[in-house]
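Novice: Please read through the structure below; I'll follow up with questions.
Number of protein chains: 2
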Amino acid sequence: MTREARHDILFEPLAIGPVTLPNRFYQVPHCTGFGVTKPASQAAFRGMKAEGGWGAVCTEYCSISPSSDDEPYVSARLWDDEDVARLRLMTEAVHAHGALAGVELWHGGLGANARESRLPPLAPSQMANEHTPWVVAQAMTVADIEREQDAWVAAARRAVAAGFDIVYVYGSHSYLPAQFLSPLTNLRTDAYGGSFANRARFWLEAIERVREAVGERCAIAVRIAADSLAAAGVDPDEGAAFVRAADPLVDLWDAAVGAEAGEHRTDSGASRHFAQGYQIELTRWLRAATSKPMIGVGRYTDPDLMADHVRSGAIDVIGSARPSIADPFLPAKVRDGRYDEIRECIGCNQCYSRANYGRHIGCTQNATAGEEHRRGWHPERFAPAANADRDVLVVGAGPAGMECAIVLARRGFRRVHLVDAAPDVGGHVGWLARLPGLGDWARVVDWRRIQLRRLRRQIEVITNQPLDAATVRSYGAEIVVVATGSRWLTGGDPRLVAPESVADGLPAGAVAVLDGEGYLVGAACAEHALGLGRRVTYHSPFDRVAPFLDETLEGVLLRPRLATAGLALAPLPSSLADINADVIIDARGRRSDEALYHELCDDPGDLEAVYRVGDCAAPRMLADAIFDGHRLAREIDGPQPAVARVWLRG
Amino acid sequence: MTREARHDILFEPLAIGPVTLPNRFYQVPHCTGFGVTKPASQAAFRGMKAEGGWGAVCTEYCSISPSSDDEPYVSARLWDDEDVARLRLMTEAVHAHGALAGVELWHGGLGANARESRLPPLAPSQMANEHTPWVVAQAMTVADIEREQDAWVAAARRAVAAGFDIVYVYGSHSYLPAQFLSPLTNLRTDAYGGSFANRARFWLEAIERVREAVGERCAIAVRIAADSLAAAGVDPDEGAAFVRAADPLVDLWDAAVGAEAGEHRTDSGASRHFAQGYQIELTRWLRAATSKPMIGVGRYTDPDLMADHVRSGAIDVIGSARPSIADPFLPAKVRDGRYDEIRECIGCNQCYSRANYGRHIGCTQNATAGEEHRRGWHPERFAPAANADRDVLVVGAGPAGMECAIVLARRGFRRVHLVDAAPDVGGHVGWLARLPGLGDWARVVDWRRIQLRRLRRQIEVITNQPLDAATVRSYGAEIVVVATGSRWLTGGDPRLVAPESVADGLPAGAVAVLDGEGYLVGAACAEHALGLGRRVTYHSPFDRVAPFLDETLEGVLLRPRLATAGLALAPLPSSLADINADVIIDARGRRSDEALYHELCDDPGDLEAVYRVGDCAAPRMLADAIFDGHRLAREIDGPQPAVARVWLRG
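Protein sequences, first through last, are from chains A and C.
Be aware that the first sequence starts at 1, since it is given in the working numbering, and climbs by one per residue.
Be aware that the second sequence starts at 1001, since it is given in the working numbering, and climbs by one per residue.
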């Protein structure tokens, strides 16, 4: 395969200040949970993207001083030489593949949680943190301002020592420089508050001082949240005036959107709410205000759209966080015309939830994300298996079974049989992706379906074929992997409907949704029923619809949408008889479909080994089910494949 | 001073299996946020308690295997040799002072969050985690059971290698062994489920196997939540039968209370809800069922009560978590009869909130808790200050000012002047501690008042003395510390009342409380008004009363109490005119009282230095305000005393 000529523009180098970006693929700063706490994981994770063709790879937010401590969240840090040594691992890994390394130097101001330091956050004026109102900032004195600017310069010098090529003076997402710019958070009456020129002073001085200190060695980048300046009370003319004032000092503008403040949740928009490339309209004003190279993001996975947006001049560089997690080799695949191998981000925001809530990044589409160091997994390379001569029967062609079969084939197994009772592969994603807002989730199946086709000489896919234990034992395979998934438990009332059938049609009448899981299914079923014009009540033990959706940034946008559509909230009654509805969608919980697995364990016949993966072992999030199928295939020739190998820490 | 003879019983050694507890003071397992992630902090923190006279010092919960990963919370771990090396730092620090070191070997089962491993938690039966229902356990096979018991044994051997003297087979608080015991979480039909004997099998086998493996080297301890077995469906006879069955294998029973499940929040009871020694009645049945030594906890700080409970035979050993944090030297002070130096726990549960939410323990009463390694602070020893010949004027005798003055004197300053405009020392704690449930918070002032008296030759305390900038400049001190605190902002409606005045009486009529902070004050004011028989409405931007109280375990108990008393919840209106009440208690937010500080900075006259501490810099939690006063005094002869020194990490 060869690359389409219309994509060539994505591979044109671009000078940014004193350094040159080798192509137009740029991994913008994004969280991982690694920071400087897990430096080897950090280095391997970022280095993998450089290997996959990203022209530049950045850290997450990187604190410049102890006055910007964000515990319990994990930021990177450049406070001292120890931090330099830890982040140097990353720059070396990135440079080894010819990419540039960037560091997002950050001061959170009022937004720093400061749970480790025990110091109050510093901010332009004294006010409470909106999200944690028991945290109130110390209003910065002029001495505080000078000291934190000194700290920014010192951190930039450490960044040079660590080998970074791009240094940020990060201001967007409502952090300290933006807090100075905003009249809502800057109530000062001195030279740093009041007029636009005064409110812009802190940020401009910081940029100027960092530029003076390291601008000959590094490109100076500024990340700015294009749409949230207005939400922060900075009128559009002022926003443009700020960009024009800073422009001579800046080598690269990184246009983000969204704010930490309020409900302004456009950043990292889930596919449930935003389409690919959605940020381009929000950043046009920035393009008009700058003559410097500009990065735009927006969950880009389509090379045509990327090339169009660069060719149009709307942006110069394709910024990426989530698509670079879902496929670290996206640029290399475009470069080589291997379009059908691109593993597209589904926009589920599991990455965000895991980097924050679990403090170790993961990805639904890419089971190896975050596992490069600790489990030694490469997304594109697979060690030959010692037992690759065996026949393997995978029972169940849902996401976990598909993933397992694909990885087995990549490890050299030549006779993998992937068998499912259903008429098509994909398992529960088949119905899930037909619920409102979840269409992009079908990419989980689409990508794997294509890989199964590419590996068809090694993997035989058989559908419409139920298997019982006796048939499995006599199938002819030495190794069996049971991947039969899970089912929503239901029963006890004739009005009950399982979530599996909702997308195929609902009986007439008013609908009640029972949600015991608190993640996506109950809420999606409710939205589906509302879309059919039904009266819908959501019954749960929670204080809000689907609490886990707050971890994926979906809740804050979905709940108003559901409320507007008329969703009524109610507690779970003690008896179903108390529910006044014609149809009850029962998403109270799932149980593993593990009978076949246990039958085979009890009587394996001549089978060499029986394993299970995915929801068949425990119903879980899609990311973890796919991970589990991947893991078994990676470790199937290990001493104890049924049990996950202990990972490296650090 | 000499010890009272009635306390001698607390210093009698006690044989527990193959080891001897040197006295009756035992630091039971409690969280820190250190685990094996910050091994030097762990060692210094635990070692300090051994130095302070605790006869045994334990780790927090310590995972036995990767199938019990509790991220995002921080547990200790004994998975491999690296963990052994890290925890050996702790046992060495503990042994250096003649104490025993204990390790609470733990498997969370269904309660393990498993955000790092990405594996499903293991449990007796498949069900969802009550708190995170999107996490569903894998039902353990018999092979899983054997493997995890093997892991318990392996972890116990590693504990021996790390130097521990006491090894736990931890079962309480709804973790794996208790999940097997409970018919609510154990639905098995095999040899590990059904009858009492079957449900008890997992735990008994684990105890037996650990005893066989290391029982000649270590004492075997079992921690059991005495009152929550019943809540978990284990009837009292069964609970006693379990203790009798295990008794021959157990050297030490550690009686806790409470459960993770449900609303059963008796563990770590805040002073708001429970009095000292409150657990003794809940554990009497355990005493009756065992012939082995037994530990009891209950926030003991009174040596009389401790001695009474040991003498009565109700317990043999005084277990302690929070009082040992508030005063690591409590046993040494009792031993030496230095009763007036005991710094009593106030039962605020900041320790719990910080170990969990911030992942680094801290304490309101003891500013050095958690700072032993990273800031090098010893709670009882203070390095002479290089500038101790200066006169220091501390303006404001609230908690931060008192703490600062005391530490300055301990560092050798001979002329410290502690001046307050109010008629008494203590600042805002004076009115705070008179609100319902907060009486024990007065200990913050009581202890410091006593220390000020002990240090009266170095600290001059002057009350009823307002100071303006000119007076401060001419006071005669070279160094000034401004500790003027903060005030609740109020104004704009004649019905408004500041929280400061609530304890002194409320105008007549219906009451509205505005809470913008979400911590203790708004809720306490509401409870106070309810206690006066008023109709009370609580207005806030929160979805529940005082959300931060969930971090301190107070919310789940306080909210039902307030609801029963008739508290009505409402949002914050856009205009105060919309509030239908005669009295409005305005706890929307505080502002620092920093005018004096800025006046002195602008014109310091001949002053050598002007600093500020506590709420005067930023209104914050009491623990952090006291910490800040302590910090300045520790660092007042450093290069930049106004700015916190960077701490050690690790």
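Note that CB positions come from ideal geometry on N, CA and C, so glycine has one too.
The model shown is predicted, which means the values in this text are computed figures rather than measured ones.
Since Trp253 (chain A) and Thr290 (chain A) are thought to touch, with beta carbons under 8 Å apart, how far apart are those beta carbons, to the nearest angstrom?
Specialist: As a position in the first sequence, residue 253 (chain A) is number 253, starting the count at 1. As a position in the first sequence, residue 290 (chain A) is number 290, starting the count at 1. With 8 Å as the limit, Trp253 (chain A) and Thr290 (chain A) qualify as a contact, their Cβ atoms being about 5 Å apart.
Novice: Measure from the C-beta of Leu1736 (chain C) to each C-beta in chain A and report whether the shortest distance is under 8 Å.
Specialist: With chain C represented from 1001 up to 1650, any question about residue 1736 (chain C) goes unanswered, as that position is not in the structure.
Novice: Relative to the C-alpha of Ile1145 (chain C), which residue among C:Asp1493, C:Ser1065, C:Asp1504 and C:Cys1404 is closest?
Specialist: As a first step, residue 1145 (chain C) is located in the second sequence; it is residue number 145 there, counting from the start. The shortest C-alpha separation from Ile1145 (chain C) is found at C:Ser1065.
Novice: Could one say the Cβ of Glu608 (chain A) lies closer than 8 Å to chain C's Cβ atoms, at least one of them?
Specialist: If you number the first sequence from 1, residue 608 (chain A) lands on position 608. Chain C contact via Cβ: absent.
Novice: What are the boundary residues of the beta strand (DSSP E) that includes Ser574 (chain A)?
Specialist: To locate residue 574 (chain A), count along the first sequence from 1; it is residue 574. Premise fails: Ser574 (chain A) is in no beta strand (DSSP E) and is neither H nor E.
Novice: Are the C-beta of Gln138 (chain A) and some C-beta of chain C separated by less than 8 Å?
Specialist: In the first sequence, the residue the question calls residue 138 (chain A) occupies position 138. Judged by the 8 Å Cβ criterion, Gln138 (chain A) is in contact with chain C.
Novice: In its own chain, which residues sit with a C-beta less than 8 Å from the C-beta of Gly1439 (chain C), not counting the 5 before and 5 after it?
Specialist: As a first step, residue 1439 (chain C) is located in the second sequence; it is residue number 439 there, counting from the start. Counting only Cβ-Cβ distances below 8 Å, and skipping sequence neighbours, we find Ser1271 and Ala1433.
Novice: Note down, in chain order, every chain A residue with its Cβ under 7 Å from the Cβ of Leu1119 (chain C).
Specialist: Within the second sequence, numbered from 1, the residue matching residue 1119 (chain C) stands at position 119. Result: Ala644.
Novice: Taking Ile626 (chain A) as the reference, which of A:Arg588, A:Cys525, A:Gln365 and A:Asp515 has the closest Cα?
Specialist: Within the first sequence, residue 626 (chain A) is the residue found at index 626, counting from 1. Of A:Arg588, A:Cys525, A:Gln365 and A:Asp515, the residue nearest in Cα terms is A:Gln365.
Novice: Among the candidates A:Ser353, A:His539 and A:Ala644, whose CA atom is the shortest distance from the CA of Leu549 (chain A)?
Specialist: Against the first sequence, residue 549 (chain A) aligns to sequence position 549. For the residues A:Ser353, A:His539 and A:Ala644, the minimum Cα distance to Leu549 (chain A) belongs to A:Ser353.
Novice: Got a sec: which bits of the region 1622 to 1639 of chain C sit with their beta carbon under 7 Å from any beta carbon on chain A, in order along the chain?
Specialist: Asp1624 and Phe1627
Novice: Between Ala609 (chain A) and Val482 (chain A), what straight-line distance do the alpha-carbon atoms span, to the nearest angstrom?
Specialist: Taking the first sequence and counting its residues from 1, one reaches residue 609 (chain A) at position 609. Taking the first sequence and counting its residues from 1, one reaches residue 482 (chain A) at position 482. Whole-angstrom Cα-Cα distance: 11 Å.
Novice: Output yes or no for whether 8 Å exceeds the beta carbon distance between Ser172 (chain A) and Ile224 (chain A).
Specialist: Numbered from its first residue, the first sequence carries residue 172 (chain A) at position 172. Numbered from its first residue, the first sequence carries residue 224 (chain A) at position 224. Cβ distance < 8 Å, so Ser172 (chain A) and Ile224 (chain A) count as in contact.
Novice: Give me the Cβ distance between Ala1256 (chain C) and Val1317 (chain C), rounded to the nearest whole Å; I'm assuming they're in contact under 8 Å.
Specialist: On the second sequence, residue 1256 (chain C) is found 256 positions in, with the first residue counted as 1. On the second sequence, residue 1317 (chain C) is found 317 positions in, with the first residue counted as 1. At roughly 13 Å, the Cβ-Cβ gap does not stay under 8 Å, so Ala1256 (chain C) and Val1317 (chain C) are not in contact.
Novice: Would DSSP call Ile9 (chain A) helix, strand or coil?
Specialist: Walking along the first sequence from the start, residue 9 (chain A) turns up at place 9. Ile9 (chain A) falls in the helix class under three-state DSSP.
Novice: Check each residue of the region 188 to 212 of chain A: if its Cβ is closer than 9 Å to any Cβ of chain C, include it; give the result in chain order.
Specialist: For the region 188 to 212 of chain A, the beta-carbon criterion of a distance under 9 Å to any beta-carbon of chain C is satisfied by none of its residues.
Novice: With a threshold of 8 Å on Cβ separation, who are the neighbours of Leu532 (chain A) within its own chain once the five nearest residues in sequence on each side are excluded?
Specialist: Locating residue 532 (chain A) in the first sequence gives position 532, counting from the first residue. Excluding residues up to 5 positions away in sequence, Leu506 lie with their Cβ nearer than 8 Å to the Cβ of Leu532 (chain A) in the same chain.
Novice: For a contact defined as C-beta to C-beta under 8 Å, what are the partners of Ser268 (chain A) on chain C?
Specialist: The residue given as residue 268 (chain A) occupies position 268 in the first sequence. Correct list: empty, because the minimum Cβ distance to chain C is about 19 Å.
Novice: Would you identify the three-state DSSP class for Ile1207 (chain C), choosing helix, strand or coil?
Specialist: Along the second sequence, one-based indexing puts residue 1207 (chain C) at 207. Ile1207 (chain C) falls in the helix class under three-state DSSP.
Novice: Glu1060 (chain C) lies in the beta strand (DSSP E); which residues open and close that run?
Specialist: If you number the second sequence from 1, residue 1060 (chain C) lands on position 60. Unbroken beta strand (DSSP E) run through Glu1060 (chain C): Ala1056 to Ser1063.
Novice: With a floor of 4 residues, list each alpha helix (DSSP H) that falls wholly inside the region 140 to 215 of chain A, ordered by position along the chain.
Specialist: 142 to 162, 176 to 181 and 196 to 214
Novice: Is it the case that the Cβ atoms of Gly1629 (chain C) and Ala1400 (chain C) are separated by a distance below 8 Å?
Specialist: Numbered from its first residue, the second sequence carries residue 1629 (chain C) at position 629. Numbered from its first residue, the second sequence carries residue 1400 (chain C) at position 400. Yes, the Cβ-Cβ distance between Gly1629 (chain C) and Ala1400 (chain C) is below 8 Å.
Novice: I need the DSSP call for Tyr352 (chain A), collapsed to helix, strand or coil.
Specialist: One-based indexing of the first sequence puts residue 352 (chain A) at position 352. Three-state result, Tyr352 (chain A): helix.
Novice: Below 8 Å on C-beta distance, what does Ser1592 (chain C) contact in chain A?
Specialist: The residue labelled residue 1592 (chain C) in the question sits at position 592 within the second sequence. Within chain A, the residues near Ser1592 (chain C) are Gln126, Gln138 and Ala139.
Novice: For Leu1087 (chain C) and Asp602 (chain A), what's the separation of their Cα atoms in angstroms?
Specialist: To locate residue 1087 (chain C), count along the second sequence from 1; it is residue 87. To locate residue 602 (chain A), count along the first sequence from 1; it is residue 602. Leu1087 (chain C) and Asp602 (chain A): Cα-Cα distance of roughly 41 Å.
Novice: Between Tyr357 (chain A) and chain C, is any beta-carbon pair separated by less than 8 Å?
Specialist: Numbered from 1 along the first sequence, position 357 holds the residue referred to as residue 357 (chain A). By this cut-off, Tyr357 (chain A) is an interface position.
Novice: With 16 other CB atoms within 10 Å as the buried threshold, where does Leu187 (chain A) fall?
Specialist: Within the first sequence, numbered from 1, the residue matching residue 187 (chain A) stands at position 187. Burial call: exposed.
Novice: Given this structure, state the Cα-to-Cα distance separating Pro1571 (chain C) from Arg411 (chain A), to the nearest angstrom.
Specialist: For the purposes of this step, residue 1571 (chain C) is taken as the residue at position 571 of the second sequence. For the purposes of this step, residue 411 (chain A) is taken as the residue at position 411 of the first sequence. Within the model, the alpha-carbon separation for Pro1571 (chain C) versus Arg411 (chain A) is close to 59 Å.
Novice: Enumerate in chain order the residues of its own chain whose CB-to-CB distance from Ala1633 (chain C) is below 6 Å, with the five nearest sequence positions on each side excluded.
Specialist: As a position in the second sequence, residue 1633 (chain C) is number 633, starting the count at 1. Counting only Cβ-Cβ distances below 6 Å, and skipping sequence neighbours, we find Cys1404, Val1407 and Leu1408.
Novice: Closer than 7 Å, Cβ to Cβ, to anything on chain C: give me those residues from the region 32 to 47 of chain A, in chain order.
Specialist: none
Novice: Run through DSSP, which three-state label would Ala1221 (chain C) get?
Specialist: As a working mapping, residue 1221 (chain C) is identified with position 221 in the second sequence. Note: Ala1221 (chain C) maps to strand in three-state DSSP.
Novice: If you count every other CB in all the chains shown that lies within 10 Å of the CB of Ser592 (chain A), and 16 or more means buried, which is it?
Specialist: Taking the first residue of the first sequence as 1, we reach residue 592 (chain A) at position 592. With 16 or more other Cβ atoms within 10 Å, it is buried.
Novice: Taking Cβ-Cβ distances below 8 Å as the criterion, which residues of the region 1073 to 1099 of chain C are in contact with chain A?
Specialist: The region 1073 to 1099 of chain C vs chain A, Cβ under 8 Å: Trp1079, Asp1080 and Glu1082.
Novice: Could you tell me whether the region 1137 to 1152 of chain C touches the region 1006 to 1019 of chain C, where touching means 3 or more Cβ pairs closer than 8 Å?
Specialist: By the Cβ test, the region 1137 to 1152 of chain C is not in contact with the region 1006 to 1019 of chain C, since fewer than three Cβ pairs between them sit closer than 8 Å.
Novice: Under 7 Å, CB to CB, which of the residues in the region 516 to 541 of chain A have a partner in chain C?
Specialist: Gly516, Glu517, Gly518 and Tyr519
Novice: Going by CA-CA distance only, name the one from C:Leu1119, C:Trp1134, C:Gly1163 and C:Ala1137 that's closest to His1095 (chain C).
Specialist: Here the question's residue 1095 (chain C) lines up with position 95 in the second sequence. With distances taken between Cα atoms, His1095 (chain C) lies closest to C:Gly1163.
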